[in-house]
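Visitor: In our numbering, the protein residues as written are 4 to 201.
Note that the Cβ used here is the ideal one computed from N, Cα and C, for glycine as well.
1. Measuring CB to CB, does residue 63 end up less than 8 Å from residue 35?
2. In chain order, what residues of the same chain have a beta carbon less than 7 Å from the beta carbon of residue 42, not counting five sequence neighbours either side?
3. If I measure Cβ to Cβ from residue 23 and keep anything under 8 Å in the same chain, skipping five residues before and after, which residues do I get?
4. Would you kindly report the start and end of the unbroken beta strand (DSSP E) that includes residue 132?
5. Note down, in chain order, each residue of its chain lying with its Cβ closer than 7 Å to the Cβ of residue 77, except the 5 sequence neighbours on either side.
6. So residue 109 and residue 177 are in contact, right, with Cβ under 8 Å, and what is the actual spacing, rounded?
7. Could you tell me whether the Cβ of residue 93 comes closer than 8 Å to any Cβ of chain C?
8. Kindly confirm or deny that the region 78 to 92 and the region 123 to 142 touch, where touching means at least three C-beta pairs closer than 8 Å.
9. Give me the residue from 26, 33, 40 with the minimum Cα distance to residue 10.
10. State the DSSP-derived secondary structure class of residue 42, mapped to helix, strand or coil.
11. Between which two residues does the beta strand (DSSP E) harbouring residue 196 extend?
12. Which two residues bound the contiguous beta strand (DSSP E) that contains residue 87?
13. Hey, is the region 92 to 99 in contact with the region 122 to 129, meaning 3+ C-beta pairs nearer than 8 Å?
14. Just the Cα atoms here: how many angstroms apart are residue 194 and residue 90?
15. Would you mind listing the beta strand (DSSP E) stretches within the region 134 to 192 that are 3+ residues and don't spill past its ends, in chain order?
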């Protein structure tokens, strides 16, 4: 787990990476950060404009040191999310930055029909994988949309490009947890976002 101070650093780093990329075409370096940022961690950076998603990209597995993973994911979320046009520098005053640091995904070992009962909404994020198809939804998605365990599985399957019932038909299901830090206002105060578990 990150301390609150480390979480605040994570959010500031993500915003700085986006600002330097869009304003100066420079990729910042993860220098002078707390030691935890040298550990390999999975991470996602989410950009919101008001209540609207504006970009969300990350690395589900710990393949990069956390500092580097935040920088690359922030830039990707701003420029490379295929669902949205690239963020323009002038939009940064309207955008809220959120960083979710992930635990290592673990496969849920249960019969398919038992999977919904293994998922704790508000605690777990999901990865569904089948062949070349893979989809991921962060823990906050289920809470924000009011999904129960079964609907969360269906939505993650659709994110993967599978039929909603793919989890009943041979798809592998993994769960992970996420520690979320977010801006309350653009460039403003940072808080740790706590999700209510069902």
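Guide: With the structure as the only source:
1. The residue given as residue 63 occupies position 60 in the chain shown. The residue given as residue 35 occupies position 32 in the chain shown. No, the Cβ-Cβ distance between residue 63 and residue 35 is not below 8 Å.
2. Your numbering for residue 42 matches position 39 in the chain shown. Within the same chain, residue 42 has close Cβ partners 68, 69.
3. Residue 23 sits at position 20 when you count from the first residue of the chain shown. Only 29, 30, 31 meet the Cβ criterion.
4. Counting from 1 along the chain shown, the entry for residue 132 is found at position 129. Start and end: 127 to 133.
5. For the purposes of this step, residue 77 is identified with residue 74 of the chain shown, where counting begins at 1. The answer, listed in chain order, is 17, 20, 21, 48.
6. One-based indexing of the chain shown puts residue 109 at position 106. One-based indexing of the chain shown puts residue 177 at position 174. The pair is a contact, with the Cβ atoms about 6 Å apart (cut-off 8 Å).
7. The structure shown contains no chain C; it holds only a single protein chain.
8. no
9. Working through the chain shown from its first residue, we reach residue 10 at position 7. Taking only the C-alpha atoms, the option nearest residue 10 is 40.
10. Taking the chain shown and counting its residues from 1, one reaches residue 42 at position 39. Coil, per DSSP.
11. Here residue 196 refers to the residue found at position 193 of the chain shown. Element bounds for residue 196: 193 to 196.
12. Residue mapping note: residue 87 aligns to position 84 of the chain shown, counting from 1. Where residue 87 is concerned, there is no enclosing beta strand (DSSP E), given that its DSSP letter is neither H nor E.
13. no
14. Here residue 194 corresponds to residue number 191 of the chain shown, with the count starting at 1. Here residue 90 corresponds to residue number 87 of the chain shown, with the count starting at 1. Answer to the nearest angstrom: the Cα atoms are 24 Å apart.
15. 136 to 140, 175 to 186
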